[in-house]
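First residue of the sequence shown? That's 19 in this note's numbering, and the numbers climb one at a time after it.
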Amino acid sequence: MSSPFSAVKPSAKLSDQVASALEAEIRAGRIQASDKLPTEAVLAQQFQVSRTVVREAISRLKSLGLVDSRQGSGVYVLAPGIEPLQFDVPLAASREAVMQIVEVRRALEAEVAELAALRRTDADMTAIRAAMQHIADAVRAGRDGVEEDVLFHRAIAQAAGNPFMISTLDYLAQFLKGATRVTRANEARRTDFADAVTREHSHIVRAIEAGDPVAARAAAAQHMKNALARIEQADLTFWAQDGARLAQPLVAASTPLVF
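Rendered as structure tokens:
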């Protein structure tokens, strides 16, 4: 390596900081595949941590498939694969994290809606309209409609006809559902918000049914953009009460997601 590492800060787990610093160097190519890492003693000196901390960091890198220990020789760098997709779960209960997850939904669901408009069948439209009606039924029955909202968007994904896209949405469901629970709770507090959501869903459905991919993409993206705006308008009381409580599933899902 061209330059030594600097000391880590005591504000976070030391081994995580060391592992993250080494991982960044490997993924950036500044430490090449087949390079030998400095010894534990050297790394401990550079990072100003104990050798135990270094060992823990190396263990994490091994679990990521970035290094390999060779008996009697040392630790060598492996060619990095695709970087794991991870969510910083400790921050997931915050307003900012919920908004970030909605941004993920905006990117995914705009594409899904466009494909659905191109590929939907009559059976797909029947399922989508039924799913939208189930949301209204749930709200009338006094439920939050979260499950029904998720199933509505999944029905659109089914119409898109891409199994990998459906798998991705299912894979992210624990986070997307948590964010939906927060957004719907916020929207239920104001009649104008709830009415806007219903109209936005209708716009998406009409565009898909009309076979208009441009309008479907725009309607889905606008729906998520408006959801972000509604979250921005939520007051501090909401976050201190319902918002924080309903975001708990995001916090509980503490295992990093890896594709």
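Cβ atoms here follow ideal geometry from the backbone N, Cα and C, with glycine treated the same way.
(request) Measure the C-alpha to C-alpha separation of A234 and R45 and round it to an integer number of angstroms. (result) 38 Å
(request) Check whether the Cβ atoms of A134 and I174 sit closer than 7 Å, and answer yes or no. (result) yes
(message) Which of the three DSSP states is assigned to E58 in this structure?
(response) helix
(message) Can you find the residues in the same chain that come closer than 8 Å, C-beta to C-beta, to M150, ignoring five residues on each side of it along the sequence?
(response) F170, H219, S220, V223
(request) Quick one: residues in its chain with C-beta nearer than 7 Å to the C-beta of L85, no 5 flanking neighbours on either side, listed in chain order? (result) With the sequence shown as reference, residue 85 is identified as Val, and Leu is not the correct amino acid for it. Excluding residues within five positions, the ones whose Cβ falls inside 7 Å are L55, I76, L79, V93, Y94, V95, L96.
(message) Excluding the 5 residues flanking A62 on each side, which residues of the same chain have their C-beta closer than 8 Å to its C-beta?
(response) S68, R69, V71, V72
(message) Taking 8 Å as the limit between beta carbons, can you name the residues of its chain near K243, skipping five residues before and five after?
(response) R124
(request) Work out the CA separation of F182 and D213 for me, nearest whole Å. (result) 33 Å
(request) Have a look at L190 and Q240 and give me their C-alpha separation to the nearest angstrom. (result) 21 Å
(request) Determine, using beta carbons only, whether I153 and E166 come nearer to each other than 7 Å. (result) yes
(message) Among V232, R172, Q118, whose alpha-carbon lies nearest the alpha-carbon of M143?
(response) R172
(message) Please return the same chain residues whose Cβ sits closer than 7 Å to the Cβ of L40, not counting the five positions on each side in sequence.
(response) A75, L79
(message) At the level of alpha carbons, what is the spacing between E43 and Q176?
(response) 41 Å
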